[in-house]
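Working notes, beginning with the structure itself.
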Amino acid sequence: MEAQYPAHWEADVVLADGGTAHVRPIRPADADRLRSFYSRLSDESIYFRFFGPRPRLSDRDVERFTNVDYVDRVALIATIGTEMVAVIRYDKTGPGEAEVAFLVEDAHQGRGVASVLLEHLAATAREHGIETFVADVLPANMRMMGVLRQAGYTAQSRFADGVVRMTLDLTPTETSAEVTTAREHRAESRSIARLLTPGSVAVIGASREPGGVGQTVLRNLLAADFTGPVYPVHREVRAVAGVRAYPSVTAIDGDVDLAVVAVPAGSVLDVVEECAQKGVHGLVVVSSGFGETGAEGRERQDELARTARSYGLRVVGPNCLGIANTDRAVRLNATLAATVPGRGKVGFFSQSGALGTALLQRVAQRGMGISTFVSAGNRADVSGNDLLQYWEEDDATEVILLYLESLGNPRKFTRLARRISRRKPVVVVKSGGTPSGHSAEELGLPDTAISSLFAQAGLIRVDDLIQLFDVGQLLAYQPLPAGPKVALVTNSDALGLLAADACLAAGLEPRPPVNLGAAAGAAEFGAALEGELASAGVDAAVVIYMPPLPGDAEAVAAELLRVSQSSGKPVLTTFEGHLGMHPALQVTEPGASRERPAPARGSIPSYAAPEEAVRALAQAARYAAWLSQPATPPPALEDLDPDRARTLVHDLLSVPEPAPGAAPAPASGPAPEPEPEPGSGPAPVSKPDPGAVPGAAPASVPGPAVEAARARRAVRSAAFAEPGPPVEIDAAELLSCYGLTVWPAEMVRSPEEAVAAAERLGWPVVLKVADPGASRRAGTVRLGLTGPEMVRHAFTEFADQLGEKVLAVQRMAPQPAVPTVVGVVEDPAFGPVVSFGLGEVTARLLQDQGYRLAPLTAEDAAALVRSVRAAPLLFGQYGYPPVAVDALEDLLVRVGRLANDLPEVARLDLDQVLVGESSVMILGARATLRTPAGPRLDGGPRRLS
């Protein structure tokens, strides 16, 4: 009986040279493919693999190599097109140990195929409890030893009997993660470089029809003076736009690096196969008729991406505007836009093909200039993530502008942005909703949560395209402000006051405006600006030059440039109402032509109104403040036992049926918002005591080694099993694994039981309805019960008025304390997200919540606490006492660690968490567990999403 095929191991991957391949488990049907692969191997490759000559594989060999059980014997292959180009396998040799070997076709050696296969095989091995790989390697086989040593795992080697035995500990390490990330970055960056720096371009579908899509792209390529050959492809005509045409791409005499595809949607797949046969590196598909047209078009689009990747090609589009590179060594305009801005420092990515032309015109009108431009259209393959990887290392790009309509892999996007934003500012417009044609799902989180997660990653999110360019032109040409203090130099009192008001509204600190009067000229403006910038109390300056009568604007501009270049502080202007890079305020890039001047660093941006300049400056100031925070890893924590937590989760999910009465929780979204219980009492979390929760803690706790082994077995056996029903639990024991204690509560069924429980817990107490959902209803809690009679009376009231028979007794929390709510959701797109808000009724009604991706650094936790509008209540304002914010931040870090460790935790609600003067106290905690359907989007080995 054939073993069950593990489809979740399949992946498209980018190789070291920027090409692509498909990785999948081997199948018995691959027998002929294996024979063909083996026939193309050199004698040396065969010798290194089998330690001797082996001219052909026997039928028995083929059957053994292609029939595996996907558990103890596993093999993965890499394919390009229909051919196998590499294979890697392991065979279990003992508990937790397997022998590994791989073989790469000679023509594809050196492309990083073996490295990416090893990453994927190691992940499958860990899934089945294999913790160590062993490989016997001939001393001359330096390539194989290099692949094993450079994987980042702990490696040991010894020489005996003419063979080097290498042993790899497959436990992921910081080094192995860094190696994977670096390889991913290099590969994806090179794949985009191959698209943006082609040596030759073919336009497939270039017709003689005026205004046709193919002819438009061809004419734009020629008008831009592309530095390489351009090949029109048309099956019937001899020439297009005066350039010799070819009947097919395979008929072209020279090499073709990039193909622009402008044929009907139904013919695109045939073109892809022809391009693969020709050896084309990448495709720009401007054709429409794909995902934007409905289900049939979406299937055609998915097939386009699969086919292109399988042949090693990256695809921009379909339904896109195209790509451009203003580098003078390339001069590529493979777009439908006749106007492309001149050379500049801005990399621009737009998902919208329809908006692309207008966006490029706006950039050109502002005189900004771009380095490169990509319109992804329906984004079947190449995405903003790929462009971020490219622009991170591109010296010509200093600022990144993104117009996003969807996020294909949001968790990877925020990971990349957090790293890249440390080097270059990234400004984002994220539109609401996801167009039907895009290869991405709707995001489940509210828009406020997405803004919070973008802020955590250092992204500058703006509301619209005007602000995108307003911020972009500031960042491209002026330095960042060191702080929020702003000088205002103006010749209009009214405009100066408007600018000051705008500063206050944007969170900046304006100095009193310096009003020079309507007749002020260059000398007055220069002296005033120089004096303001010389002050230690000024971080930036906004200059307003709006003369009521014509003046010597050129002289004023020259003086502003002179002063600003020597200050090292950003200067912005409203210069005669001009929007963009005013010619008189530009520092010209060396080598720029007179026809298309390229502004250089030090040029002063101008805005139509001072309020627009202030908004841009405020965004830059917030980004500079984020940059000033150190990039630290999540802190090391004590009192953690993640192995016990994994075992606990596995055991709970192994129960065939959910507990009676358990209700499934929503798959994503913010935590539920129950009514507050400001006086009910949780316990300090500084010294966790699992036994303090009756019925929750185990009777005995196994030793660390036993627990660790159980946890590993649990993870292996539960990994990506068939998702079952959600399981709702009291989360007290789970939290205890992360050093957090829930204030104990006792369930009671009579007044006398309630009194007895109160005596044990200590007075005063709280009596409340035991149903976890009751806190959403008013009148379900009685606070401050100081004696038996008060408890009996409250119990009777609940029984008479609400019909409740089971209630909960808790001791009152120390007062004063501020109620808060902490939640976790395992979002399908972003992964584990931690939410925080105050528990007051008003904060809940206003949905005043902050969000951060797990795991949290100490800085993330501090920022999360301060991100909500009601945060001043935690810091002793508005009559509230100062509380233990440091303890609250520690709790958030621990909750984030739990969320990151356990993808099975679909939802966790800590409601409420009371923050007292010296500690935090968790009132109640519920969790929903669910078996994951697969790895997190950005988890596991490298793969294209």
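Residue 397 is where the sequence shown starts when you use this note's numbering, and the numbers rise one by one after that.
Every residue gets a Cβ at the ideal spot worked out from N, C-alpha and C, and that includes glycine.
These numbers were taken from a predicted model, which means no experiment stands behind them.
Closest by C-alpha distance to residue i, when choosing among the options
i, options, result
"E1149", "D468, P1140 and F1191", "F1191"
"R1040", "R958, F555, T969 and L1131", "L1131"
"A1127", "V1220, L1284, S572 and D866", "V1220"
"A813", "E801, E788, T793 and Y799", "E788"
"L1287", "A1267, T1253 and G917", "T1253"
"A932", "A883, S553 and A919", "A883"
"S817", "G525, P643, G675 and W1022", "W1022"
"P1140", "V609, V667 and G1320", "G1320"
"A1280", "V652, L1269 and P421", "L1269"
"P1299", "V822, D1334, G1312 and D1307", "D1334"
"T1176", "E1200, E1185 and S683", "E1200"
"A620", "S684, E669 and L728", "L728"
"H1189", "P1210, K1164 and K820", "K1164"
"Y642", "R631, F555, P1029 and D651", "R631"
"L472", "V419, V458 and T735", "V419"
"S441", "D948, L534 and R507", "L534"
"E1185", "V1214, A1166 and A1152", "A1152"
"T1028", "A853, Q1015, L1179 and A1195", "A853"
Boundaries (first-last residue) of the beta strand (DSSP E) holding residue i
i, result
"V1213", "Note on residue identity: the sequence assigns Ala, not Val, to residue 1213. Here the beta strand (DSSP E) through A1213 covers A1213 to D1223."
"Y941", "A936 to Y941"
"Y627", "V626 to V629"
"D428", "Not the beta strand (DSSP E): D428 falls in the alpha helix (DSSP H), residues A427 to S435."
"Q1308", "V1301 to G1312"
"V823", "V822 to K826"
"N729", "L728 to T731"
"S767", "I766 to S771"
"F745", "R739 to S746"
"N721", "G718 to N721"
Sequence-distant residues of the same chain with beta carbon closer than 8 Å to residue i, five excluded per side
i, result
"P1056", "With a pLDDT of only 43 at P1056, under the threshold of 50, the placement of this residue in the model should not be trusted; the figure read from the coordinates follows. Result list for P1056: empty, nothing under 8 Å."
"R436", "E501, D502 and A503"
"D860", "V825"
"R758", "L861 and F865"
N- and C-terminal bounds of the alpha helix (DSSP H) containing residue i
i, result
"D457", "D455 to T462"
"L855", "L855 -> no alpha helix (DSSP H), and no H or E assigned at all."
"G749", "G749 to R762"
"A551", "Run containing A551: none in the alpha helix (DSSP H); it sits in the beta strand (DSSP E), T550 to A556."
"P806", "P806 to I816"
"Y443", "D439 to F446"
"D1126", "It is not in any alpha helix (DSSP H) - D1126 instead sits in the beta strand (DSSP E) that spans V1123 to D1126."
"Q785", "G780 to E789"
"G492", "Neither: G492 is in no alpha helix (DSSP H) and is coded neither H nor E."
Cβ shell of residue i (< 6 Å), same chain only, five flanking positions each side left out
i, result
"H978", "F971 and S1002"
"G973", "A1004"
"A1154", "V1161, V1187 and V1205"
"A637", "L614 and R615"
Spatial distance of residue i from residue j (CA atoms)
i, j, result
"L839", "Q1206", "39 Å"
"V481", "V500", "6 Å"
"D897", "G879", "18 Å"
"P402", "T462", "14 Å"
"V659", "I600", "7 Å"
"M1317", "C716", "54 Å"
"V496", "A573", "21 Å"
"A953", "A918", "8 Å"
"R579", "A655", "26 Å"
"R1338", "T576", "7 Å"
"H1046", "A1225", "23 Å"
"E1343", "R857", "Outside the displayed range of the chain (397 to 1341) lies residue 1343, so it cannot be described from this structure."
"G738", "D723", "9 Å"
Cβ-based neighbour list, residue i, same chain, cut-off 7 Å, excluding 5 preceding and 5 following
i, result
"N721", "L592, T593, L728 and T768"
Legend entry - Whole alpha helix (DSSP H) elements within the region 647-701, 4-residue minimum: 664-674
Legend entry - Whole runs of the beta strand (DSSP E) within the region 1016-1042, excluding any shorter than 3 residues: none
Inset, instruction - May I have a chain-ordered list of the beta strand (DSSP E) segments no shorter than 3 residues that lie completely inside the region 1145-1186? - result: 1161-1165 and 1177-1181
Inset, instruction - Mind listing, in chain order, the continuous beta strand (DSSP E) runs of no fewer than 3 residues lying wholly within the region 498-533? - result: 528-533
Inset, instruction - Go through the region 957-1010 residue by residue and report every complete run of the beta strand (DSSP E) that reaches 3 residues or more, in order. - result: 967-971
Legend entry - Secondary structure, alpha helix (DSSP H): runs of 4+ residues fully inside the region 883-952: 889-901 and 918-929
Inset, instruction - Please specify which runs of the alpha helix (DSSP H), each continuous and at least 4 residues long, are wholly inside the region 573-644, giving them in chain order. - result: 609-619
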